[in-house]
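Asks:
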Amino acid sequence: MSEHKIAMVGTPCEIMAASKLQHYTDSPIDVKLGLFCMENFSYKYFGNLLKEYDLTMNDIEKFRIEKGFVFLFLKNKETVKIPLSEARRILRKNCNICVELTSETSDISIGSIGSDDGWSTLIIRTEKGEEIVNGAIEQKFIESKELTGPQFELLKRIAESKISKNLEMIEKREFFARPVLYQREKSDDAINKEISESNFQDLKSNVIDVGACVLCGACEYACPDNLITIDDTKPRMKGECPQDCHACCAVCPRTFIPEDLRNDNSKALGEYIKVLSVKSIRHTQGQDGSIVTTLLDYLLTNKIITEALIVDKEDLLQYLLHTIISLHHHYLVLHTLHLTR
Ligand code: SF4
Ligand code: SF4
Ligand code: SF4
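Using the numbering used here, the letters of the sequence shown correspond one by one to residues 255 to 595.
(1) Go through its chain and collect everything with a Cβ distance to leucine 409's Cβ below 6 Å, but skip five positions before and after it.
(2) Looking at leucine 481 and lysine 492, is the spacing between their C-beta atoms short of 8 Å?
(3) For proline 512, does the three-state DSSP call read helix, strand or coil?
(4) Which same chain residues, not among the five before or five after cysteine 291, have their C-beta less than 6 Å away from its C-beta?
(5) Between which residues of its own chain and arginine 508 is the CB-CB distance below 7 Å, once the five residues before and five after are set aside?
(6) Does ligand 3 have a heavy atom nearer than 7 Å to the CB of isoleucine 351?
(7) Assign isoleucine 337 to buried or exposed, taking buried as 16 or more other Cβ atoms, counted over all protein chains shown, within 10 Å of its Cβ.
(8) Using alpha carbons as the reference points, say which of Asp308, Lys316, Asn330 and Arg346 lies closest to lysine 298.
(9) Among all the DSSP beta bridges, which residues are the ones paired with serine 534?
(10) Note down the Cα distance separating alanine 271 from glutamate 428, rounded to an integer number of angstroms.
(11) Examine ligand 1 and report whether any of its heavy atoms sits within less than 7 Å of the Cβ of glycine 318.
(12) May I ask you to check if the CB of asparagine 453 is nearer than 7 Å to at least one heavy atom of ligand 2?
(13) Spatial neighbours of valine 387 within its chain, please: C-beta separation below 6 Å, excluding the five flanking residues on both sides.
(14) Assuming serine 398 and serine 531 make a contact with CB atoms under 8 Å, what is their CB distance in whole Å?
(15) Please find out if some non-hydrogen atom of ligand 3 comes closer than 7 Å to the beta-carbon of proline 489.
(16) At which residues does the beta strand (DSSP E) containing serine 374 begin and terminate?
(17) Taking tyrosine 424 as part of the beta strand (DSSP E), name the residues at either end of that continuous run.
(18) Return the first residue and the last residue of the alpha helix (DSSP H) that lysine 298 is part of.
(19) Measure the CB-CB distance between leucine 287 and leucine 549 and report whether it falls below 8 Å.
(20) Who are the Cβ neighbours of isoleucine 260 in its own chain at under 8 Å, not counting the five residues just before and after it?
(21) How is the alpha helix (DSSP H) around serine 441 delimited, first residue to last?
(22) Specify, as a first and last residue, the run of the alpha helix (DSSP H) that glutamate 268 falls within.
(23) Do the CB positions of leucine 523 and threonine 356 come within less than 8 Å of each other?
(24) Between the beta-carbon of asparagine 646 and the beta-carbon of cysteine 503, is there less than 8 Å?
(25) Closer than 7 Å: is that where the CB of glycine 383 sits relative to any heavy atom of ligand 3?
(26) Need the endpoints of the beta strand (DSSP E) that leucine 345 sits in, please.
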């Protein structure tokens, strides 16, 4: 077992990659904080869209998608609204076959849908997640209240609409192209057999070349021979794979999913213990961000984890996944694990 205990923060597809890493390898990821995610934009093309508004990424402090618009909060304190219908043309292609809104394989899922302004919705899914949230409430890192019936119904309805819209896309895509593997139901034995006969070329033809890759970086991380690199468009492999290696195919969140991790599309929010609305008492920057920061602060302060893994922007063209350690709320980057976008 690794001496590192890492909390990972990620979107549903990234959390699925983390869950598969836990399933197939001796992963140091101990706590998974999943974010709600409806869809995602191509970072590169988002930069191009900004040019139409005479803006660059450097002008933006933060952005939020709300009520049919992408709100850009600029560093000069101005706000720019881009209609979502316009921004949709730069959506990442893999997102339209994604049927998960709320990171169903996480310990705790976090998002704004359903909660009042300034509050975030938490879906507690595991005993570990429940212990963390109870501890954070007891030690006054966060305060909590019940989500009302209508708020819960709104969250469920949005999750259901993502599932039904994208199941339709999957059906259309499968009519013309290859099966969307992560939605195929197979027994674990059949999956293991399939994986034992696969290597990077199968990952390339079943996931990467058909636009299903989510650029999570799990294949690159798991490759024992460091043959995979990921640029801002896709994973590439250089070299020759040993005959007995199938690691990249096993951990990819868009290949077959083992039975205990597979989403049940009839349960829009997945399995969970409790849903709460919470507010940070310690941090105030951003809505979901402040809850993520506060939970990481709680985990690091109480030495429940040794490091946290988040996605951070490094420059205009790429995001890097860093391990970080907290020094009284200042994050120190220890080392880069891999490119994710
Ligand atoms: S595939 Fe796209 S929509 Fe789905 S979780 Fe990942 S980023 Fe979000
Ligand atoms: S060595 Fe293994 S993990 Fe690396 S690319 Fe080849 S099959 Fe994939
Ligand atoms: S091919 Fe690699 S980067 Fe793409 S989704 Fe699969 S594991 Fe992630």
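The beta-carbon is built from N, C-alpha and C at its ideal position, and this holds for glycine as well.
Replies: The relevant details are as follows:
(1) Within the sequence shown, the letter at position 155 stands for residue 409. Excluding sequence positions up to five before and after leucine 409, its CB lies within less than 6 Å of the CB of Ile367 and Gly368, all in the same chain and listed in chain order.
(2) Position 238 of the sequence shown, counted from the start, is the residue given in the question as residue 492. Position 227 of the sequence shown, counted from the start, is the residue given in the question as residue 481. Yes, the pair counts as a contact, with Cβ atoms nearer than the cut-off.
(3) Translated into the one-based positions of the sequence shown, residue 512 becomes position 258. The three-state reading of DSSP puts proline 512 in coil, since its state is none of H, G, I, E or B.
(4) Residue numbering aside, residue 291 sits at position 37 when the sequence shown is read from its first letter. Closer than 6 Å at the Cβ level, and outside the excluded window around cysteine 291, lie Thr265 and Pro266.
(5) Numbered from its first residue, the sequence shown carries residue 508 at position 254. Contacts found: Leu435, Tyr436, Val461, Ala466, Cys467 and Val468.
(6) Position 97 of the sequence shown holds residue 351. Every heavy atom of ligand 3 is 7 Å or more from the Cβ of isoleucine 351, so no.
(7) The residue given as residue 337 occupies position 83 in the sequence shown. First, the residue type needs correcting, since residue 337 is proline and not isoleucine in the sequence shown. Per the 10 Å Cβ criterion, exposed.
(8) As a first step, residue 298 is located in the sequence shown; it is residue number 44 there, counting from the start. Comparing Cα-Cα distances from lysine 298 to each of Asp308, Lys316, Asn330 and Arg346, the minimum goes to Arg346.
(9) Taking the first residue of the sequence shown as position 1, residue 534 is located at position 280. According to DSSP, serine 534 bridges with Ile396.
(10) For the purposes of this step, residue 271 is identified with residue 17 of the sequence shown, where counting begins at 1. For the purposes of this step, residue 428 is identified with residue 174 of the sequence shown, where counting begins at 1. So the alpha carbons of these two residues sit roughly 22 Å apart.
(11) One-based indexing of the sequence shown puts residue 318 at position 64. Before going on, a small fix: residue 318 reads as arginine here, not glycine. Relative to ligand 1, arginine 318 has its C-beta separated by 7 Å or more from all heavy atoms.
(12) Within the sequence shown, the letter at position 199 stands for residue 453. For asparagine 453, the Cβ falls inside the 7 Å cut-off from some heavy atom of ligand 2.
(13) Position 133 of the sequence shown holds residue 387. Within the same chain, Cβ atoms closer than 6 Å to the Cβ of valine 387 are found at Ile378, the five residues on either side in sequence being excluded.
(14) Here residue 398 refers to the residue found at position 144 when the sequence shown is read from its first residue. Here residue 531 refers to the residue found at position 277 when the sequence shown is read from its first residue. Yes, they are in contact, since the Cβ atoms of serine 398 and serine 531 sit about 7 Å apart, within 8 Å.
(15) For the purposes of this step, residue 489 is identified with residue 235 of the sequence shown, where counting begins at 1. At least one heavy atom of ligand 3 lies closer than 7 Å to the C-beta of proline 489.
(16) Your numbering for residue 374 matches position 120 in the sequence shown. That run of the beta strand (DSSP E) goes 374 to 378.
(17) Taking the first residue of the sequence shown as 1, we reach residue 424 at position 170. For the record, residue 424 in the displayed sequence is isoleucine; it is not tyrosine. Careful: isoleucine 424 lies outside any beta strand (DSSP E), inside the alpha helix (DSSP H) at 403 to 430.
(18) Looking up residue 298 in the sequence shown gives position 44. Residues 297 to 305.
(19) Walking along the sequence shown from the start, residue 287 turns up at place 33. Walking along the sequence shown from the start, residue 549 turns up at place 295. Cβ distance < 8 Å, so leucine 287 and leucine 549 count as in contact.
(20) Counting from one through the sequence shown, the residue named residue 260 turns up at place 6. Taking C-beta separations shorter than 8 Å and ignoring five residues to either side along the sequence, the partners of isoleucine 260 in its chain run Pro282, Ile283, Asp284, Val285, Ile559, Thr560, Glu561, Ala562, Leu563 and Thr577, following chain order.
(21) On the sequence shown, residue 441 is found 187 positions in, with the first residue counted as 1. Where serine 441 is concerned, there is no enclosing alpha helix (DSSP H), given that its DSSP letter is neither H nor E.
(22) Counted from its first residue, the sequence shown places residue 268 at position 14. Residues 266 to 278.
(23) As a first step, residue 523 must be located in the sequence shown, where it is residue number 269. As a first step, residue 356 must be located in the sequence shown, where it is residue number 102. Their beta carbons are under 8 Å apart, which means leucine 523 touches threonine 356 by this criterion.
(24) Residue coverage of the chain in this structure runs from 255 to 595, which leaves residue 646 outside it and unanswerable.
(25) On the sequence shown, residue 383 is found 129 positions in, with the first residue counted as 1. Checking the Cβ of glycine 383 against ligand 3 gives no.
(26) For the purposes of this step, residue 345 is identified with residue 91 of the sequence shown, where counting begins at 1. Unbroken run through leucine 345: none, as it is neither H nor E.
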